[in-house]
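Residue numbers for the sequence shown follow this note's numbering, beginning at 34 and rising by one.
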Amino acid sequence: MMKIKKGDTVKVIAGTDKGSEGKVVAVNHKDNTVVVEGVNMITKHTKPSPANQQGGIVKQEGPIDASNVMYVSEGKVSRIGFKVEGGKKVRVAKATGKVID
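1) Using a Cβ-Cβ cut-off of 8 Å (strictly less than) and excluding sequence neighbours within five positions of isoleucine 90, which residues of its own chain qualify?
2) Assuming contact is defined by CB atoms lying nearer than 9 Å, are serine 111 and valine 105 in contact in what I supplied?
3) The beta strand (DSSP E) that contains glutamine 93, what's its start and end?
4) Out of Glu70, Gly88, Lys109, Ile113, point me to the one whose CA is closest to proline 96's CA.
5) So, at 6 Å on beta carbons, what are the nonlocal neighbours of isoleucine 113 in its own chain, with the 5 sequence-adjacent residues on each side left out?
6) By DSSP, does alanine 128 sit in helix, in strand, or in coil?
Given below as structure tokens:
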């Protein structure tokens, strides 16, 4: 089970983009990867199609391993834990102790 969800703000802690922050655009549970806005930019060569008539070279975000990102809570990087509150399981930021969702 992944503790990072789509829409979370995360900081990259390893790799070429170490130190950069961004919003999670997509999560792939099967491969344990996340796509973060503006991080791990790759160039992709696209053929002309009805949707993209021009084709050419497109820059887009590539997936990075979920273990290389940490959740950002109030400007601090934090691990994520779980707690049962009111009969419901919620995510909790370990650094601040605040309920995430």
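C-beta atoms are modelled at their ideal positions from N, C-alpha and C, and glycine is treated no differently.
Since the model is a prediction, treat every value here as computed from it, not as a measurement.
A quick look at the data gives this:
1) As a first step, residue 90 is located in the sequence shown; it is residue number 57 there, counting from the start. Answer for isoleucine 90: Thr76, Lys77, His78, Thr79, listed in chain order.
2) Indexing the sequence shown from 1 puts residue 111 at position 78. Indexing the sequence shown from 1 puts residue 105 at position 72. Result yes, Cβ atoms of serine 111 and valine 105 sit closer than 9 Å.
3) By one-based count along the sequence shown, residue 93 stands at place 60. Element bounds for glutamine 93: 89-94.
4) Residue 96 sits at position 63 when you count from the first residue of the sequence shown. Checked all of Glu70, Gly88, Lys109, Ile113; the closest Cα to proline 96 is Glu70.
5) For the purposes of this step, residue 113 is taken as residue 80 along the sequence shown, with counting starting at 1. Lys36, Tyr104, Arg124, listed in sequence order.
6) Within the sequence shown, the letter at position 95 stands for residue 128. Coil.
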